[in-house]
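Protein chains in written order, with our numbering: chain A, 3 to 247; chain B, 3 to 247.
Heads up: the structure comes next, in C-alpha cells.
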C-alpha cells in the first residue's frame, strides 16, 4: 500500500483521498455534521452556493444554510462564516449546510476529479479518518493538504503528519517525499496548538481575534465522524455532497 | 526582509530568487561553470537545445555542448547527461553548455518570469548562494524548490533549509510556512548524504547506479560560484543565460 502526502492539491488520485484544511474548513465541516447537519454541499464558487438557497415564504425556516469565507472573512449573503466555534454553538438538525471556502472546497473538488473515495480530515477526527482510509484503500492513501492561496500551509502538513503517523502504526506503507516531510514536521513541531499557532495562517487568525478557532482545530480526535463524499442524482451541479460516515 | 521557500515553483517573485534542483540540475550547473564553461543556456525544451547546436565542418570542435536528461535518462542527440560527476571529469573551457532537464530548467524559467535577480543554488554552493542572495536582496529572498514532476522533492526542501539557516545567521527575516517547514526538515533529517539518500529521488538515482552523483550533490559549500542569470541581445530565444558569479 502506498501512502502519499501532497503538500498542495495535485490531482491524479487513484483510490482514497483525505482532504485536509485544518484551519478551518475541514474542522468546521466535521463540526457541522457533529451538530446535526444532514449533509454538506461543498461548492466551487460562492455564486453556486448562493443559488442553492431556496425562496421561502417569510418566516419559514430554510432547510439550507450557507457557510463560508473568502480570505478568512464572511461572505455577503451567507449565514455563517467558517468558524468551528460558531458551528459548535448551533444545532443543524435537519439542515443541509452549503459550504464555500477559499482553499478547502477547491481542494475537495480536485480530489473528487479522480479519487474513488474522498473524505474530509482534520485533527479533530484524525484517528477516525486514518482508520476509515486504511479500511477503504486497496492501493493508495493520498493525504491532500489544501494550503493557502496555492502556498503550502504548515498547519495542513502537520495534520497530514499526524494522520500519516497513525497509518504507519496500522500497517506497512511505501511512502513518498511528501509523507517523509509531513512526518518530520509532525515529530518536530511540538504539540498541535504549538504547531497550528506557529503557522502563518494560525498567526493571522489569532491577530483577527479568531484564536478560539485555532484552539478548537488543535483538538485531537474529539470526533469519530468522517465526512464522506457520496454521489447520487439529487446532488446539485457544481457541488460535492458529504455526509457523516 | 522576507524569506520565502516555495516547496514547488509558484511564480510572482518580486526580487531575489534562488532556484534549487539539487539532484541534479543545479549541482551540475555549478560544476560546468567550475570546470571552465563560459556560460550556461537553460532551455525550456530539448528541441530548443538541439536547435542551438551549430553546423560545423567535420572534425571541428563545437563551442556548444548539450547536457540534460528526461526522467533521469540521457536525451538522444545530447553530448552529456545531467551528472555532476561526469561534468567534473571534463574541461569546458571556452564552451557554452546548453542544459535541459526535467524539472530544474522549468523552475528557472518560472523564476525568471518575474524575479529581478535569479541564481542557481545547490548544497555545493550553499554558503556562496546565501551570501549572494543576502547582498543582492532589497525586499525578499525566495528559495524555489524545483521538485520532481510537480511533486515536492525532499532533497530540494532540505537544501532550501540549509540555505535558509545560513540566511537566518546573517540577519533578521520574516519567514513563511515554506521556510518553517524547510528549516524543520533541515534540522531533523540528518546530514546531507542521509537526507539526499533518503529522498525518493536519491533512492531512484542510487538504484540506477548513480549513487556517486548523490554523494557529489551532498557536498557542502565546495564551490564559491553562483550561476547568475544575465540578459543581453545575444541570448537566444527560449533560453536563460547564466554565467559564473
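Don't be surprised by glycine CBs; every beta carbon is placed ideally from N, CA and C.
Fair warning: this is a prediction, and the values are worked out from it, not measured in the lab.
Q. On the three-state DSSP scale, how would you describe residue 144/B?
A. Strand, per DSSP.
Q) In chain A, what lies closer than 7 angstroms to residue 202/B by C-beta? A) Neighbours of residue 202/B on chain A, chain order: 178, 179.
Q) Are the segment 7–27 of chain B and the segment 136–145 of chain B in contact at 8 angstroms, needing three or more beta carbon pairs? A) Flag = yes, the segment 7–27 of chain B and the segment 136–145 of chain B touch.
Q: Give the single residue among 155/B, 108/B, 180/B whose Cα lies nearest to the Cα of residue 143/B.
A: Of the listed residues, the one whose Cα sits closest to residue 143/B is 180/B.
Q: Return no unless some Cβ of chain A is closer than 8 angstroms to the Cβ of residue 104/B.
A: Output row for residue 104/B: interface = no.
(Q) Relative to the C-alpha of residue 49/B, which candidate in 78/B, 34/B, 26/B has its C-alpha closest? (A) Among 78/B, 34/B, 26/B, the Cα nearest to that of residue 49/B belongs to 78/B.
Q. Excluding five sequence neighbours on each side, which residues of the same chain lie with their C-beta closer than 8 angstroms to the C-beta of residue 169/A?
A. Exclusion of the five residues before and after residue 169/A leaves 5, 132, 135, 136, 143, 175 as the residues of its chain whose Cβ lies within less than 8 angstroms of its Cβ.
Q: Answer yes or no: do residue 185/B and residue 167/B have a C-beta to C-beta separation smaller than 8 angstroms?
A: Residue 167/B is positioned such that its CB atom lies closer than 8 angstroms to that of residue 185/B.
Q: Kindly list, in the order they appear in chain A, the residues whose Cβ is closer than 8 angstroms to that of residue 190/B.
A: Ordered by position in chain A, the residues that pass the 8 angstroms Cβ test against residue 190/B are 186, 189, 190.
Q) Looking at the C-beta of residue 234/B, does it have a partner C-beta in chain A at a distance below 8 angstroms? A) Not one beta carbon of chain A lies nearer than 8 angstroms to the beta carbon of residue 234/B.
(Q) By the 9 angstroms beta-carbon criterion, what residues does the segment 119–150 of chain B contribute toward chain A? (A) If the cut-off is 9 angstroms between Cβ atoms, the segment 119–150 of chain B has 149, 150 near chain A.
Q: Let me know the alpha helix (DSSP H) ranges lying completely inside the segment 48–101 of chain A, each 4 residues or longer, listed in chain order.
A: Counting whole runs of 4 or more residues, the segment 48–101 of chain A contains the alpha helix (DSSP H) stretches 48–53, 86–90.
Q) What's the call for residue 178/A, buried or exposed, on a 16-neighbour Cβ count within 10 Å? A) Buried, since its Cβ has 16 or more Cβ neighbours within 10 Å.
Q: Anything in chain B within Cβ reach of residue 159/A, meaning under 7 angstroms, just list it in chain order.
A: Simply 183.
Q) How about residue 154/A and residue 10/A: are their beta carbons less than 8 angstroms apart? A) Cβ distance < 8 angstroms, so residue 154/A and residue 10/A count as in contact.
Q) Contact between the segment 71–89 of chain B and the segment 234–245 of chain A: three or more CB pairs below 8 angstroms? A) Contact between the segment 71–89 of chain B and the segment 234–245 of chain A is absent, because fewer than three Cβ pairs lie under 8 angstroms.
Q: Can you tell me the Cβ-Cβ gap for residue 13/A and residue 112/A, rounded? I've got them flagged as a contact below 8 angstroms.
A: Indeed they touch by this definition, with Cβ atoms about 6 angstroms apart.
**Q.** CA nearest to the CA of residue 231/B, picked from 220/B, 216/B, 239/B, 247/B
**A.** Of 220/B, 216/B, 239/B, 247/B, the smallest CA-CA separation from residue 231/B is found for 247/B.
Q.
I need the boundaries of the alpha helix (DSSP H) containing residue 231/B, first residue and last residue.
A. Where residue 231/B is concerned, there is no enclosing alpha helix (DSSP H), although the beta strand (DSSP E) it sits in stretches over 229–232.
(Q) Could you pull the DSSP bridge partners for residue 121/B from this structure? (A) Its beta-bridge partners are 20/B, 230/B.
Q.
What would DSSP say about residue 37/A, mapped onto helix, strand or coil?
A. Annotated three-state conformation of residue 37/A is coil, per DSSP.
Q. Using a C-beta cutoff of 8 angstroms, does residue 153/A count as contacting chain B?
A. Chain B contact via Cβ: present.
Q: Mark residue 233/B as exposed unless 16 or more other C-beta atoms lie within 10 angstroms of its C-beta, in which case mark it buried.
A: With fewer than 16 other Cβ atoms within 10 Å, it is exposed.
Q: Taking residue 12/A as the query, report the chain B residues whose CB atoms sit under 8 angstroms from its CB, ordered along the chain.
A: Residues of chain B whose Cβ lies closer than 8 angstroms to the Cβ of residue 12/A are, in chain order, 152, 153.
Q: Would you mind working out which of 8/B, 224/B, 99/B sits nearest residue 39/B, comparing C-alpha positions?
A: Residue 39/B has its Cα closest to that of 99/B, out of 8/B, 224/B, 99/B.
(Q) I need the boundaries of the beta strand (DSSP E) containing residue 107/A, first residue and last residue. (A) Where residue 107/A is concerned, there is no enclosing beta strand (DSSP E), although the alpha helix (DSSP H) around it starts and stops at 106–116.
Q: With a cut-off of 8 angstroms on the beta carbons, I'd call residue 107/A and residue 45/A a contact; round off their distance for me.
A: About 6 angstroms separates the CB atoms of residue 107/A and residue 45/A; that is less than 8 angstroms, so the two are in contact.
Q) Per DSSP, what kind of secondary structure is residue 26/B in: helix, strand or coil? A) In the three-state DSSP reduction, residue 26/B falls in the coil class, being neither helix nor strand.
Q | alpha helix (DSSP H) runs contained entirely in the segment 145–188 of chain B, provided each spans 4 or more residues | A | Taken in chain order, the complete alpha helix (DSSP H) segments of 4 or more residues contained in the segment 145–188 of chain B are 156–172.
Q: Determine the chain B residues that contact residue 156/A at a beta-carbon separation under 8 angstroms, and present them in chain order.
A: Contact of residue 156/A with chain B by beta-carbon distance below 8 angstroms involves 179, 182, 183.
**Q.** Below-8 angstroms beta-carbon distance, residue 9/A vs any chain B residue
**A.** Yes, residue 9/A counts as interfacial toward chain B.
(Q) Between which two residues does the beta strand (DSSP E) holding residue 237/A run? (A) Boundaries cannot be given for residue 237/A, as no beta strand (DSSP E) includes it and DSSP labels it neither H nor E.
Q) Quick one: what's residue 45/B bridged to in DSSP? A) DSSP lists 241/B as partners of residue 45/B.
Q: Report the partner residues of residue 7/B according to the DSSP bridge assignment.
A: Paired residues: 145/B.
Q. Ends of the alpha helix (DSSP H) at residue 12/B?
A. If you look at residue 12/B, you'll find it isn't in any alpha helix (DSSP H); DSSP assigns it neither H nor E.
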